[in-house]
Amino acid sequence: MRDDASRHNAWTRSFPGFRIPFDDELAVPRLSAALDQMFERADGREIVVVCVGTDRSTGDAFGPIIGTKLLHATDVTVYGTLDEPVHAVNLGATLERVQKKHGRRPFVLAVDACLGRFDHVGQIILEEGPLRPGAGVKKSLPEFGDFTLTGVVNVCGFMEYFVLQNTRLGVVMRMTDTVVEALRNSLYRLRTRQRIIESVQGH
């Protein structure tokens, strides 16, 4: 779980960053369009999604819920699900596994929950640059990822663990629905473009 205040200014030169409330009527198409721009930067590298979090905490389940839904909705490689979560204890080993399994440097999208200002709760944020997991609860964990997608699940500033535990599951589920639908749409367009290119090159 990261902190909404942790910005990636040094990494945002080519991608301006994107945020939108999950319940905005245009949230899915606008997030999907931002993801299209992100995937353009993959430049043919294998796409891997690493979802950080645990279902032991309602707010922190944002990542593994997305990972589980992606497994059923897309063909993308996913680490971090409700059955096999990626969290503080196994994050280092998971990142080593990603490096060993995906020989050519993969394009990694890091997904995590975060805490933020009251008026930011419910926002979905897409930024270029690595995730700093644990920043919101004062943990020091390895940074990773080419891009970071986070959901502001609750407010920060006081008793963060308690706040995460008492986050409304309904809000988290609706946020994950928005993210997964946008990712599914964007990945479908990406795969379609790839098939067209392969077909043209085959002739």
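FYI, the numbering for the sequence shown is 1 to 203, going by my numbering.
The beta carbon of each residue, even a glycine, is placed where N, CA and C say it ideally should be.
Quick caveat, the model's predicted, so the values are computed rather than measured.
When we look at the beta-carbon of residue i and count the other beta-carbons within 10 Å, is it buried (16 or more) or exposed?
i: Arg97; result: exposed
i: Val101; result: Residue identity differs from the one stated: residue 101 is Lys in this sequence, not Val. Classification for Lys101: exposed.
i: Arg195; result: exposed
i: Asp119; result: exposed
i: Thr192; result: exposed
i: Val89; result: exposed
i: Val52; result: buried
i: Phe39; result: buried
i: Gly134; result: buried
i: Ile66; result: buried
i: His72; result: exposed
By alpha-carbon positions, which one of the options ends up nearest to residue i?
i: Pro21; options: Gly134, Gly122, Glu128; result: Gly122
i: Gln37; options: Glu198, Leu183, Gln201; result: Leu183
i: Val28; options: Ile125, Lys101, Val50; result: Ile125
i: Leu149; options: Thr176, Asn166, Leu164, Val163; result: Thr176
i: Asp146; options: Lys69, Ile47, Thr58; result: Ile47
i: Gly17; options: Asp24, Ala33, Leu26; result: Ala33
i: Leu131; options: Leu26, Gly63, Asp24; result: Gly63
i: Asp83; options: Leu95, Asp119, Asp75, Arg56; result: Arg56
i: Phe15; options: Leu35, Val200, Thr68; result: Leu35
i: Arg117; options: Cys51, Asp24, Gly151, Gln165; result: Gly151
i: Leu164; options: Glu198, Glu127, Ala113, Leu71; result: Ala113
i: Val108; options: Leu115, Lys69, Glu127; result: Glu127
i: Leu70; options: Ser199, Val86, Ile197, Val180; result: Val180
i: Pro142; options: Ala93, Ile197, Val49; result: Ala93
i: Pro106; options: Arg45, Val171, Ala61, Tyr161; result: Arg45
i: Asp60; options: Asn166, Glu198, Ile197; result: Asn166
Taking the alpha helix (DSSP H) that residue i belongs to, which residues open and close that run?
i: Leu31; result: 27-40
Which residues does DSSP list as the beta-bridge partners of residue i?
i: Leu70; result: Answer is none; Leu70 lacks a bridge partner.
i: Phe158; result: DSSP output for Phe158 lists no bridge partner at all.
i: Glu128; result: Phe147
i: Ile47; result: Phe107
i: Ile165; result: The sequence given here has Gln at residue 165, not Ile. In the DSSP output, where bridge partners are listed per residue, Gln165 has none listed.
i: Val52; result: Val86
i: Gln123; result: Pro21
Would you mind reading off the limits of the beta strand (DSSP E) that contains residue i?
i: Phe147; result: 147-155
i: Glu204; result: Past the edges of the chain, shown from 1 to 203, lies residue 204, and the structure says nothing about it.
i: Asp112; result: 107-116
i: Arg104; result: Arg104 -> no beta strand (DSSP E), and no H or E assigned at all.
i: Pro21; result: 18-21
i: Val78; result: 77-79
Any beta carbon from chain D within less than 8 Å of residue i's own beta carbon?
i: Thr54; result: Going by chain labels, chain D is absent from the structure shown, which holds only one protein chain.
Q) Quick one: any contact between the segment 177-192 and the segment 153-160, if contact means 3 or more CB pairs under 8 Å? A) As far as the Cβ criterion goes, the segment 177-192 does not touch the segment 153-160, which means the pair count is below three.
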